[in-house]
Amino acid sequence: MDQLYQSTGWGCAWGGIIGGVLGASGDLVMGTSGVLAFLLSMVGSAVGAYLGFYRGRKDVDELIPRTNFPLEIVKIRKQHGAMWALMGAMVGGAVGSIASGGLVTFTWLMFLSASWATMNFMLLSNIIMGAGMGGMVGGVGGAWIAALMSGFIEKKKSRIRLISRKRSEFM
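Numbering (UniProt numbering), first residue to last: 1 to 171.
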């Protein structure tokens, strides 16, 4: 299951890096103070997590038929892998977006500003925060959608309905 976690985390980190660089660059040029970094990091992380999850899922699907575990344990391991993939996506998206957004913003301020002012610090922190939050939200959202679509996470509603039917039959 480590393949799923690693591929989702790395895919999300690279998506967050690309989105963070583009968003932070756009924020600095247009002066939107972190909004573009938030949106583009979110989209980049979501796409990266989605692609990373599907890439890792193929490895996991090839691994599962070769195990001797009962079906119940395989389902638990698949869900465990999906949860780790969500965690990897959240961390990968946040770290990739924060690092890239901070690097672009810091480079911009160091090379194009003659003096360091309070507003420059606020611009730097707004873009880094926007990129980090967008990367985290996008990474988890992308991995969660991928996990639901691929059947790694079961739908609990059907299980709850089945339990309620069994209870009504006994009463």
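The beta carbon of each residue, even a glycine, is placed where N, CA and C say it ideally should be. Remember, it's a predicted structure, so these values are computed and weren't measured experimentally.
Note to self: I believe residue 37 touches residue 12 by the beta-carbon criterion, under 8 Å. Please report the beta-carbon distance rounded to the nearest angstrom.
What the structure shows: Here residue 37 corresponds to residue number 37 of the sequence shown, with the count starting at 1. Here residue 12 corresponds to residue number 12 of the sequence shown, with the count starting at 1. In fact, because the Cβ distance is near 16 Å, the residues do not count as touching under 8 Å.
DSSP three-state assignment for residue 32, whether helix, strand or coil | By 1-based counting over the sequence shown, the position of residue 32 is 32. If DSSP states are grouped into helix, strand and coil, residue 32 belongs with coil.
Check this for me: beta carbons of residue 139 and residue 46, under 8 Å apart or not? On the sequence shown, position 139 is the one that residue 139 refers to. On the sequence shown, position 46 is the one that residue 46 refers to. Their beta carbons are under 8 Å apart, which means residue 139 touches residue 46 by this criterion.
(Q) Using C-beta distances below 6 Å, list every residue in its chain close to residue 100, excluding the 5 sequence neighbours before and after it, in chain order. (A) Position 100 of the sequence shown, counted from the first residue, corresponds to residue 100. Taken in chain order, the residues that qualify are 17, 20 and 21.
* To do: Could you tell me if residue 31 is buried or exposed, where buried requires 16 or more neighbouring beta carbons within 10 angstroms of its beta carbon?
  => Residue 31 sits at position 31 when you count from the first residue of the sequence shown. Burial call: exposed.
Worksheet entry | Pair within 8 Å by beta-carbon distance, residue 10 and residue 92 | Here the question's residue 10 lines up with position 10 in the sequence shown. Here the question's residue 92 lines up with position 92 in the sequence shown. Cβ distance < 8 Å, so residue 10 and residue 92 count as in contact.
| query | Less than 7 Å between the CB of residue 42 and some heavy atom of the ligand ZN, yes or no? | reply | The ligand ZN is not part of this structure, which contains no ligands at all.
Q) Near residue 128, what residues of its chain come up, given a Cβ to Cβ distance below 7 Å and the 5 sequence neighbours on each side ignored? A) The residue given as residue 128 occupies position 128 in the sequence shown. Only 98, 101, 102 and 105 meet the Cβ criterion.
Span separating the alpha-carbon of residue 29 from that of residue 132
Translated into positions along the sequence shown, residue 29 becomes position 29. Translated into positions along the sequence shown, residue 132 becomes position 132. Distance between the alpha carbons of residue 29 and residue 132 is about 19 Å.
Suppose contacts are defined by Cβ-Cβ distances below 8 Å. Is residue 142 in contact with residue 85 by that definition?
Looking up residue 142 in the sequence shown gives position 142. Looking up residue 85 in the sequence shown gives position 85. No, these two residues do not count as a Cβ contact at 8 Å.
Exercise. Can you list, in chain order, the residues of its chain whose CB lies under 7 Å from that of residue 43, leaving out five sequence neighbours each side?
Worked result: In the sequence shown, residue 43 corresponds to position 43, counting from 1. So the qualifying residues of the chain are 19 and 138.
* To do: Using beta-carbon positions only, say whether residue 126 and residue 41 come within less than 8 Å of one another.
  => For this step, residue 126 is matched to residue 126 along the sequence shown. For this step, residue 41 is matched to residue 41 along the sequence shown. No, the pair does not count as a contact, with Cβ atoms beyond the cut-off.
For residue 35, which of 147, 148 and 134 has the nearest alpha-carbon?
On the sequence shown, residue 35 is found 35 positions in, with the first residue counted as 1. It is 134 whose Cα lies nearest to the Cα of residue 35.
**Prompt:** Is it the case that the Cβ atoms of residue 94 and residue 122 are separated by a distance below 8 Å?
**Reply:** Position 94 of the sequence shown, counted from the first residue, corresponds to residue 94. Position 122 of the sequence shown, counted from the first residue, corresponds to residue 122. It is not a contact, given that the beta carbons lie outside the stated cut-off.
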